[in-house]
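Sequence order for the protein chains is E and L. Position one of the first sequence corresponds to residue 16 (our numbering), numbered consecutively onward. Position one of the second sequence corresponds to residue 16 (our numbering), numbered consecutively onward. Quick notes on the structure that follows.
2 protein chains.
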Amino acid sequence: MSVQDWFTNNKDIEGVLLDISGVLYNSDSSGGKAIPGSVQSVKRLKESKFKVRFCTNESQHIRAHLVTRLQKLGFSIEVNEIFSPAPAACQLLQDRGLTPHFLVDDNILPEFAVFNQPTNKPKDCVVIGDAIDKFTYRSLNDAFRVLIKSPQPQLISLGIGKYYKEADDLLLDVGPFTKALEYAASCTAEVVGKPSPTFFQSALKDMGVHPSKAIMVGDDIVNDIGGAQKCGMRGIQVKTGKFRPSDENHPEVTANCYVDNLAEAVDHLLSTTS
Amino acid sequence: MSVQDWFTNNKDIEGVLLDISGVLYNSDSSGGKAIPGSVQSVKRLKESKFKVRFCTNESQHIRAHLVTRLQKLGFSIEVNEIFSPAPAACQLLQDRGLTPHFLVDDNILPEFAVFNQPTNKPKDCVVIGDAIDKFTYRSLNDAFRVLIKSPQPQLISLGIGKYYKEADDLLLDVGPFTKALEYAASCTAEVVGKPSPTFFQSALKDMGVHPSKAIMVGDDIVNDIGGAQKCGMRGIQVKTGKFRPSDENHPEVTANCYVDNLAEAVDHLLSTTS
């Protein structure tokens, strides 16, 4: 089925969730580059009848930093439109009265400011995010020891991605390090962020759209597309970011539709429903 | 069944494989301490009718270094009595004509001296060992990129242990890092060392004893005991090293016999068969 036919057959869409990295822009050490057409597409989408939210597994930087970076690239996006794992994890920790040990990048710590108070309570869980250079033998041992001391180890992972692309390099994401700790401490992590259904649901609830009336646009076949589908949404994979041709023959996940980039998806969405 | 009864019922033993760390000695940063009774037990065993070999997943140091350390503690052990993963992996790499990328401790590199020659051939596999502080975000990314570039990633792991004890600390072993790379590159590692049957078999073959006539004495319920049993041997777990009381109720592996330490096993072995 052509992309145009797919959108013609799917006119009931009311809400759009957008991944950020690999869909809106490609990150690099100097702030990243907007993907051609994406700035204009986000603008057109936000001016249309569609509800729009941004779902990212970004766990290196706080949302305010991400917004600043995106605004510099020309995007018009506000902090409260972004759903990311750290605030969701922070709420979960508070709801359960946990005393967390953090293995995360320093830049994301402000999202957990409520845990800055000194406490005498022993750490009873580990929160792991994309800690980049903070992933060392020492820091992984420290996190492991918190887990192994507990009869029921609690490991909370900010996403479970395998790797991501930065400039021309592939870099390990948080997922492999989560798997390392799971194996060492014989436990299963609770994943906050994509592909967790709870995470997508919080964004859908915020825009008041039922999953059956929403699409997710992302570059990650498993976490974006597979996660959205498990949640009852339709998933559209862009051929930008970390898309690889083999994704179209993925053994477990088939996207509802594949598009060259966000601009193609938005063009069809707006033209078939106007 | 009492320990004595077990040995009385198992008089057909001809060969003994001994784990080293946690059975002969407990390692620490200053060379380690012999476990009480172990020096004398090894001596008595080697002077008896039993064939004896040492099976270790030590992948931080070359065998010669390990022998020196053990001799300082009073043990009489030679390099050619020790079976460790690095020489086995080196043979495997040569047999298959592979060009390896190494993520191992510098101390173990002499076991792979044959690969020291400069080559223009691109790396086509990764060998991972207990690299300790060499496990960094950068080194793990380097190894990952070798794997992800290959249509059929080959990851060779020197053991798959979860953690080990050094002085009073638990430290991550190679296994968690192998799991991290397996997840990132969507591949399954080939494990050289315990619990691989090939590894036990090479030691059994060297002493000319059939698995059904041999016992393995170790402190690791999965890699020593479970591995030996899968290979057709009987497995005796010592309550020294990283033994934990929960090992006696392990969901997957039950040792044939549990003893307080190596000395108890050797006492019974020698008294019931003399």
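Note that the Cβ used here is the ideal one computed from N, Cα and C, for glycine as well.
Identify, in the order they occur along the chain, each residue of the same chain with its Cβ nearer than 6 angstroms to the Cβ of residue i, setting aside the five sequence neighbours on each side.
i: residue 61(L); result: 67
i: residue 244(L); result: 250
i: residue 169(E); result: 140
i: residue 147(L); result: 120
i: residue 88(L); result: 40, 49
i: residue 259(L); result: none
i: residue 71(E); result: 35, 99
Is it true that the CB of residue j sits closer than 7 angstroms to the CB of residue i?
i: residue 35(E); j: residue 230(E); result: no
i: residue 198(L); j: residue 188(L); result: no
i: residue 97(L); j: residue 69(L); result: yes
i: residue 102(E); j: residue 142(E); result: no
i: residue 269(L); j: residue 37(L); result: no
i: residue 104(E); j: residue 33(E); result: no
i: residue 215(E); j: residue 208(E); result: no
i: residue 5(L); j: residue 145(L); result: The structure shown does not extend to residue 5(L), since chain L is modelled only from 16 to 289, so the question has no answer here.
i: residue 23(E); j: residue 193(E); result: no
i: residue 17(L); j: residue 285(L); result: no
i: residue 272(E); j: residue 21(E); result: yes
i: residue 226(E); j: residue 219(E); result: yes
i: residue 152(E); j: residue 150(L); result: yes
i: residue 253(L); j: residue 234(L); result: yes
i: residue 171(E); j: residue 126(E); result: no
i: residue 200(E); j: residue 163(E); result: yes
i: residue 59(L); j: residue 281(L); result: yes
i: residue 47(L); j: residue 224(L); result: no
Quickly, what does DSSP pair residue i with across the bridge? List them, please.
i: residue 140(L); result: 115(L)
i: residue 233(L); result: 252(L)
i: residue 98(E); result: 70(E)
i: residue 89(E); result: Partner(s): none; residue 89(E) has no beta bridge.
i: residue 198(L); result: Answer by DSSP bridge pairing: none, since residue 198(L) is not bridged.
i: residue 29(E); result: In DSSP, residue 29(E) forms no bridge with anything.
i: residue 184(E); result: 181(E)
i: residue 152(L); result: Answer is none; residue 152(L) lacks a bridge partner.
i: residue 272(E); result: 251(E)
i: residue 36(E); result: 40(E)
i: residue 173(L); result: 207(L)
i: residue 49(E); result: 40(E)
Going along chain L in order, which residues have a C-beta closer than 8 angstroms to the C-beta of residue i?
i: residue 41(E); result: Near residue 41(E) there are no residues of chain L at all, since even the closest Cβ is about 18 angstroms away, more than 8 angstroms.
i: residue 178(E); result: 159, 163, 199
i: residue 235(E); result: Correct list: empty, because the minimum Cβ distance to chain L is about 14 angstroms.
i: residue 147(E); result: 152
Leaving out five residues on either side along the sequence, give the residues of the same chain with a beta carbon under 7 angstroms from the beta carbon of residue i.
i: residue 19(L); result: 283
i: residue 191(L); result: 177
i: residue 203(E); result: 197
i: residue 78(E); result: 94, 97, 99
i: residue 123(L); result: 74, 75, 76, 77, 101, 144
i: residue 129(L); result: 105, 109
i: residue 217(L); result: 98, 103
i: residue 165(L); result: 139
i: residue 161(L); result: 116, 138, 141
i: residue 257(L); result: 37, 179, 180, 234, 235
i: residue 186(E); result: 178, 179
i: residue 262(L); result: 236, 252
i: residue 267(E); result: 241
i: residue 228(E); result: 27, 28, 29, 30
Residue i versus chain E: which residues are under 8 angstroms apart at the beta carbon?
i: residue 187(L); result: 152, 155, 156, 159, 195, 199
Using a cut-off of 7 angstroms between C-beta atoms, extract the partners of residue i located in chain E.
i: residue 242(L); result: Within 7 angstroms Cβ-Cβ: nothing; residue 242(L) doesn't reach chain E, min ~17 angstroms.
Spatial neighbours of residue i within its chain, please: C-beta separation below 8 angstroms, excluding the five flanking residues on both sides.
i: residue 44(E); result: 181, 182
i: residue 92(E); result: 57, 69, 82, 85, 86
i: residue 134(L); result: 114
In chain B, which residues lie with their C-beta within 9 angstroms of the C-beta of residue i?
i: residue 190(E); result: Within the model displayed, chain B is absent; protein chains E and L are what it includes.
message = Whether or not the stretch 231-242 of chain L and the stretch 81-95 of chain L are in contact is what I'm after, with contact meaning three or more pairs of Cβ atoms, one per stretch, closer than 8 angstroms; do they touch?
response = no
ask   = Are the stretch 261-279 of chain L and the stretch 50-57 of chain L touching, with three or more C-beta to C-beta distances below 8 angstroms?
value = yes
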